[in-house]
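A quick write-up on the structure given underneath.
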Amino acid sequence: MLPAPKYQSPLKNIRVLDLSRVFAMPFAGANLADLGAEVIKIDTCQAQFMDTTRTLTGPFPDNRPGELWWEQGGTFQNLNRGKRSLTLDLRSEESQKIIKELVRVCDVVLENFTPRVMARFGLDFKSLQAEKPDLVMVSNTGYGHSGPWSSFGAMASALEPTHGTGAFMGYMEEGADGRLAEGQVPNKMGNSYSDFLATWTALGALMAALLRRARTGEGQWIDLAMYQTGTTVIGTGVLDFVFNQRRTQRIGNRHPFWSPHGVYPCQGHDQWVSIAARHEGDWQAVCQAMDMPELASDPRFADPIDRRQHQEELDEIIAAWTSARTSYQAMDSLQEAGAPAGAVLTAKQTLTDPQYLDRGFFETVHNPPEVGLRPKGYVGRGWKFSKSKAEIRGPAPRLGEANDYVLGELLGIDPARLETFAEDWTIGNLPEGGRAPGAVPLDEQVELGWIAEYHADYLDRLPPV
Amino acid sequence: MPAGLLNGIRVLDLGSGISGPWCAKILADYGAEVIKVESPGSGDAARRMGPFAGDDPDPEKSLTFLYLNTNKKGVTLDPSSASGRRLLDRLLAEADVLVENYPPARSKELGLDYASLAEVNPQVVVTSITPFGQTGPYRDYQATDIVTYALSGLMYHSGDSDQEPLRNVLDQSFYVAGITAAAATQVALFARLTSGEGQHVDVSAAECLGAHLVQPLPYYNYMGAVKGRRPVRGAGFEELMPARDGYVAPSVQGSQPWSTIASLIGPEELQDEKFATAAGRVAHGEELKELLIKGLAQWDRMPLFLASGEQRLVFGMAQDAGDLAHCPHLEARDFFVEVDHPVVGRARYPGMAVRLPGETITGSQPAPLLGQHNSEIFGRELGYSTQDLVSLRQQGVI
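Sequence order for the protein chains is A and B.
Read left to right, the first sequence gives residues 18 to 482 (this note's numbering).
Read left to right, the second sequence gives residues 495 to 892 (this note's numbering).
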């Protein structure tokens, strides 16, 4: 473990108005909260307009949405930890006025509505900048606020192929000669990949804007289009077209130049180890780890070109060796010999993985008992500071828990005015309408292929929190 | 000219390959002055990574290098020689940020660990990007992209459930690490505004990806479920499906009624109410998939994508590198930047990940040739004479 941070939270004087929903921007807001910012999530009591991670995404404790189901979603908790919650109804003029008042005392606004929605609410950047001239605002959309596709809605699973990742990702297919050849069918990384690219990009862009604001007093609008962001991470592929007219490369887990390179089956159900040999040294190390000196001198496998030519034979030999071991055993032997290798961990395995544990990556969060969630580990961040503090500061906020704080203390709104809000469900702590989502039994989820398997005794398999 | 957000910030890029140089390029695009420091002779490892312009494996023609190092100046120095170290320390004294991605043991060996660097300049933010971080049992593990991806916990979810886990595209773990590192570096710069001190930012590529586990993780520690790879028996929505000229990703998400989706795709039988609910689509999955295939066979990707967008549906389409390079939408957003490189010539490169209204961004400086700015930086800025530079070159220091 690293020594405890000596200093303060770097963003402790920054206040963030988080109007965003679903994955990408809420997670950016959560990271800002980890860094010490006060992040006010704009919630709503109208169940049909609530952030869908509160209402639909789950997962719920033991697959049973409880009495306070809208507070319980595991993904919601990961994405909204450490925030405050204010309920408003953005369709009402009164609420829109409150947003504007709030913007005056905030430094950053995060939002991910399609362009026409923010304009309809009168909450576009121009209008908000009028309230707060040095405002830093991130507008995250599928296609951005300019260009012919700017009105299009989007979601990560459809964006991912659109921004080109499928051109360079896909299984190999059997060719005419019976050997594996480049595949035709694009594949998807899944797991909302495009969303997270937007999360980290937004964080960087708004820090750049905050640094300039500190220097010059200027604000900045950041027009983040996930489609565009997704294109930048395959810049080399785009240039391969520009310079060489090459459009795709789908070679499964193989590498265009190195060999061996791939994942190999291990003991247990759906267990794999990844192996990559970058050069002669790595190849020798692989042979040494497998205790097969004869392989190292086999002319079929003399150099990467030979090995790629005999890839299927070589993969079979390696798979026979890995199949007799667990993924961790295979990794350990290969790493000991100096070859790049890593177990393909499931999320379950990450929770007990020595590296993740040693670095304290998963941080335990305690919810108030009435929420009905045991203390659990939540995802940390990809970086550690030697001096500044960065940590999950608390659970996701209960619906409207900061209504009094924000409206009363921060904005000084007359309590009589607050009462009229409460009457029409603008402010409150309970959802209006809506009900707990139906939970599909885990057996059935296995059947449908939504999950791979489940462990009824999972609590016993987890490290203590 | 890049954006002006980070004007006045000076970055030393000691990175090699992808993660470090990509982090420094993002800072450069926001307006930081970035000096790339390479070893004399071989330079950045990316110079030897394919693909190459014209498929000519020349160290000035690596497309990864050309892409990741625009808007930087380049010097060469050997940090393991005394004279080279002096040069580096002179640069370090003036720097706000140093980005490096050596294996932890190697940076220590070279005297480039945080403690040694902070002795020279306590205000500098040192960002170290490695596969697993500076601490822990895997810190010295050998790793490539696929190994990092595997150990992050993300690879298990990628690909089809009836096949092996599938590697993501083009060394993605190191791109994600670079974007994340650029953000964390700037947080440390922000902290410095009040503390006056630099610090060490320890970035683990595996943990950058591990942070994406916001769904698979609670699936396990909330209810014991192991989220797997994508099922292959779906009804065809939220999957890649064949259209006439390639693949599209039809979606039932969004707020439009089923009838809108059905009439866009085509076959009249799709209008059947039994497909209108999620449960119905699961129950009649095979029939639905057949109708979907029949309908999509009448469509090319782009017209379907445009029609879906106009009807407020959220369909996607599989685009390849050529589609992206000619995308009218990216064009309209002034995404591409014109770069003129002395060896590979003029071309349009992908630009910044975000649009910054109000900032004037006019073209990019090409990636530096190996040691291109030695005279400018060491001579004009640090005051070394022409003779000094010749002597350093003769000793192999620069």
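Using N, Cα and C, we set each Cβ at its ideal position, and we do this for glycine too.
1. I'd like to check one pair, Cys-821 of chain B with Ala-676 of chain B: are the Cβ atoms closer than 7 Å?
2. Could you check whether the region 232-248 of chain A touches the region 840-852 of chain B, counting it as contact only if at least three pairs of C-beta atoms, one from each stretch, sit closer than 8 Å?
3. Where Gly-498 of chain B and Ala-341 of chain A are concerned, what is the direct C-alpha to C-alpha distance, given to the nearest angstrom?
4. Going along the chain, which residues of the region 862-889 of chain B sit with their C-beta nearer than 9 Å to a C-beta in chain A?
5. Sort B:Ala-699, B:Tyr-669 and B:Gly-718 by Cα distance to Thr-218 of chain A and report the nearest one.
6. Report the option in B:Leu-786, B:Leu-586, B:Ala-547 and B:Thr-558 whose CA atom is closest to the CA atom of Leu-664 of chain B.
7. Take the Cβ of Lys-768 of chain B as the centre, count every other Cβ of all protein chains shown within 10 Å, and call the residue buried at 16 or more, exposed below.
8. Three Cβ pairs or more, each shorter than 8 Å: is that satisfied between the region 711-731 of chain B and the region 459-479 of chain A?
9. Go through the region 774-855 of chain B residue by residue and report every complete run of the beta strand (DSSP E) that reaches 3 residues or more, in order.
10. When Cβ atoms are compared, which residues of the region 295-309 of chain A fall closer than 9 Å to chain D?
11. Which same chain residues, not among the five before or five after Ser-646 of chain B, have their C-beta less than 6 Å away from its C-beta?
12. Which residues in chain B have a C-beta closer than 7 Å to the C-beta of Leu-241 of chain A? List them in chain order.
13. Using a Cβ-Cβ distance under 7 Å, would Asn-662 of chain B count as near chain A?
14. Closest to Lys-530 of chain B by C-alpha separation, out of B:Trp-793, B:Ala-576, B:Pro-551 and B:Asn-595, would be which residue?
15. Going by the DSSP bridge assignment, what does Ala-360 of chain A pair with across the sheet?
16. In whole angstroms, what separates the C-alpha of Pro-43 of chain A from that of Arg-849 of chain B?
17. Return the chain-ordered list of same chain residues with a C-beta closer than 6 Å to the C-beta of Met-18 of chain A, the five sequence neighbours on each side being excluded.
18. Could you tell me which residues DSSP puts in a beta bridge with Ile-57 of chain A?
19. Cutting at 7 Å between CB atoms, please list the residues of its own chain near Lys-788 of chain B, excluding the five before and the five after it.
20. Closer than 7 Å, CB to CB, is Lys-100 of chain A near chain B or not?
21. Which chain B residues are close to Phe-66 of chain A, counting only those with a beta carbon under 9 Å from its beta carbon?
22. Classify His-296 of chain A as helix, strand or coil using the three-state DSSP reduction.
23. Curious, which full-length alpha helix (DSSP H) runs of at least 4 residues does the region 593-623 of chain B contain?
24. Ala-50 of chain A to Ala-306 of chain A, Cα distance in whole Å?
25. Any beta carbon from chain B within less than 7 Å of Arg-229 of chain A's own beta carbon?
26. So which residues of chain A does Thr-624 of chain B contact, with C-beta pairs closer than 7 Å?
27. Does the ligand COA have even one heavy atom less than 6 Å from the beta-carbon of His-694 of chain B?
28. Would a check of beta-carbon distances place Lys-143 of chain A closer than 7 Å to chain B?
29. Does chain A have any CB closer than 7 Å to the CB of Lys-602 of chain B?
30. So which residues of chain B does Met-172 of chain A contact, with C-beta pairs closer than 8 Å?
31. Taking Ala-358 of chain A as the query, report the chain B residues whose CB atoms sit under 8 Å from its CB, ordered along the chain.
32. Consult DSSP for Glu-733 of chain B and reduce its assignment to one of helix, strand or coil.
33. To the nearest whole angstrom, what separates the beta carbons of Thr-265 of chain A and Ala-184 of chain A, a pair I think is in contact under 8 Å?
34. Run through DSSP, which three-state label would Met-42 of chain A get?
35. So, does the CB of Leu-645 of chain B fall closer than 7 Å to a CB anywhere in chain A?
36. To the nearest whole angstrom, what separates the beta carbons of Val-598 of chain B and Thr-638 of chain B, a pair I think is in contact under 8 Å?
Taking the structure as given:
1. Here residue 676 of chain B is taken as the residue at index 182 of the second sequence, counted from 1. Here residue 821 of chain B is taken as the residue at index 327 of the second sequence, counted from 1. Taking 7 Å as the Cβ cut-off, Ala-676 of chain B and Cys-821 of chain B do not qualify as a contacting pair.
2. Contact holds: three or more Cβ-Cβ distances are below 8 Å.
3. The residue labelled residue 498 of chain B in the question sits at position 4 within the second sequence. The residue labelled residue 341 of chain A in the question sits at position 324 within the first sequence. Rounded to the nearest angstrom, the two C-alpha atoms are 57 Å apart.
4. Answer in chain order: no residues at all.
5. What you label residue 218 of chain A is simply residue 201 of the first sequence in a count that begins at 1. When only C-alpha atoms are compared, the closest one is B:Tyr-669.
6. In the second sequence, counting from the first residue as 1, residue 664 of chain B sits at position 170. Distance from the Cα of Leu-664 of chain B is smallest, within the candidate group B:Leu-786, B:Leu-586, B:Ala-547 and B:Thr-558, for B:Thr-558.
7. Position 274 of the second sequence, counted from the start, is the residue given in the question as residue 768 of chain B. That one is exposed.
8. Yes, the region 711-731 of chain B touches the region 459-479 of chain A.
9. 831-835 and 839-843
10. The structure shown contains no chain D; its protein chains are A and B.
11. Taking the first residue of the second sequence as position 1, residue 646 of chain B is located at position 152. So the list reads Ala-700, Leu-703 and Gly-704, once near-sequence residues are dropped.
12. Numbered from 1 along the first sequence, position 224 holds the residue referred to as residue 241 of chain A. Result: Val-848.
13. Translated into the one-based positions of the second sequence, residue 662 of chain B becomes position 168. The beta-carbon of Asn-662 of chain B is placed less than 7 Å from the nearest beta-carbon of chain A.
14. Walking along the second sequence from the start, residue 530 of chain B turns up at place 36. Answer by Cα proximity: B:Asn-595.
15. For the purposes of this step, residue 360 of chain A is taken as residue 343 along the first sequence, with counting starting at 1. The partner list for Ala-360 of chain A (beta bridge, DSSP) reads A:Val-290.
16. Start at 1 with the first residue of the first sequence, and residue 43 of chain A comes out as number 26. Start at 1 with the first residue of the second sequence, and residue 849 of chain B comes out as number 355. Looking at the two C-alpha atoms, the distance is approximately 20 Å.
17. The residue labelled residue 18 of chain A in the question sits at position 1 within the first sequence. Below a pLDDT of 50, predicted positions are generally treated as unreliable, and Met-18 of chain A, at 46, falls in that range; the measurement from the model is reported next regardless. Closer than 6 Å at the Cβ level, and outside the excluded window around Met-18 of chain A, lie Gly-377.
18. Start at 1 with the first residue of the first sequence, and residue 57 of chain A comes out as number 40. In DSSP, Ile-57 of chain A forms a bridge with A:Leu-34 and A:Arg-101.
19. Locating residue 788 of chain B in the second sequence gives position 294, where the first residue counts as 1. So the list reads Pro-761, once near-sequence residues are dropped.
20. In the first sequence, counting from the first residue as 1, residue 100 of chain A sits at position 83. No - not a single Cβ of chain B is within 7 Å of the one on Lys-100 of chain A.
21. Residue numbering aside, residue 66 of chain A sits at position 49 when the first sequence is read from its first letter. Here the premise fails: no neighbours, minimum Cβ distance about 11 Å.
22. Within the first sequence, numbered from 1, the residue matching residue 296 of chain A stands at position 279. His-296 of chain A: coil per DSSP, three-state reduction.
23. 598-603 and 608-614
24. For the purposes of this step, residue 50 of chain A is taken as the residue at position 33 of the first sequence. For the purposes of this step, residue 306 of chain A is taken as the residue at position 289 of the first sequence. Using only the alpha carbons, I get a separation of about 45 Å.
25. Residue mapping note: residue 229 of chain A aligns to position 212 of the first sequence, counting from 1. So yes, Arg-229 of chain A belongs to the interface.
26. Within the second sequence, numbered from 1, the residue matching residue 624 of chain B stands at position 130. By Cβ distance, chain A contributes nothing, its closest Cβ being about 11 Å from Thr-624 of chain B, past 7 Å.
27. The ligand COA is absent from the structure shown, which contains no ligands of any kind.
28. Taking the first sequence and counting its residues from 1, one reaches residue 143 of chain A at position 126. No, Lys-143 of chain A lies away from the interface with chain B (no Cβ there is under 7 Å from its Cβ).
29. Against the second sequence, residue 602 of chain B aligns to sequence position 108. By this cut-off, Lys-602 of chain B is not an interface position.
30. Locating residue 172 of chain A in the first sequence gives position 155, counting from the first residue. Those within 8 Å of Met-172 of chain A in chain B are Ser-745, Gln-747, Gly-748 and Val-808.
31. The sequence position of residue 358 of chain A within the first sequence is 341, counting from 1. Neighbours of Ala-358 of chain A on chain B, chain order: Gln-636 and Val-641.
32. Along the second sequence, read from residue 1 onward, the residue named residue 733 of chain B stands at position 239. In the structure shown, Glu-733 of chain B sits in coil (DSSP, three-state: anything other than H, G, I, E or B).
33. As a working mapping, residue 265 of chain A is identified with position 248 in the first sequence. As a working mapping, residue 184 of chain A is identified with position 167 in the first sequence. With a Cβ gap of about 4 Å, Thr-265 of chain A and Ala-184 of chain A count as contacting.
34. By 1-based counting over the first sequence, the position of residue 42 of chain A is 25. DSSP places Met-42 of chain A in helix when its eight states are reduced to three.
35. The sequence position of residue 645 of chain B within the second sequence is 151, counting from 1. When Cβ-Cβ separations below 7 Å define contact, Leu-645 of chain B makes contact with chain A.
36. The residue given as residue 598 of chain B occupies position 104 in the second sequence. The residue given as residue 638 of chain B occupies position 144 in the second sequence. Strictly speaking, residue 598 of chain B in this sequence is Pro, with Val absent from that position. With a Cβ gap of about 17 Å, Pro-598 of chain B and Thr-638 of chain B do not count as contacting.
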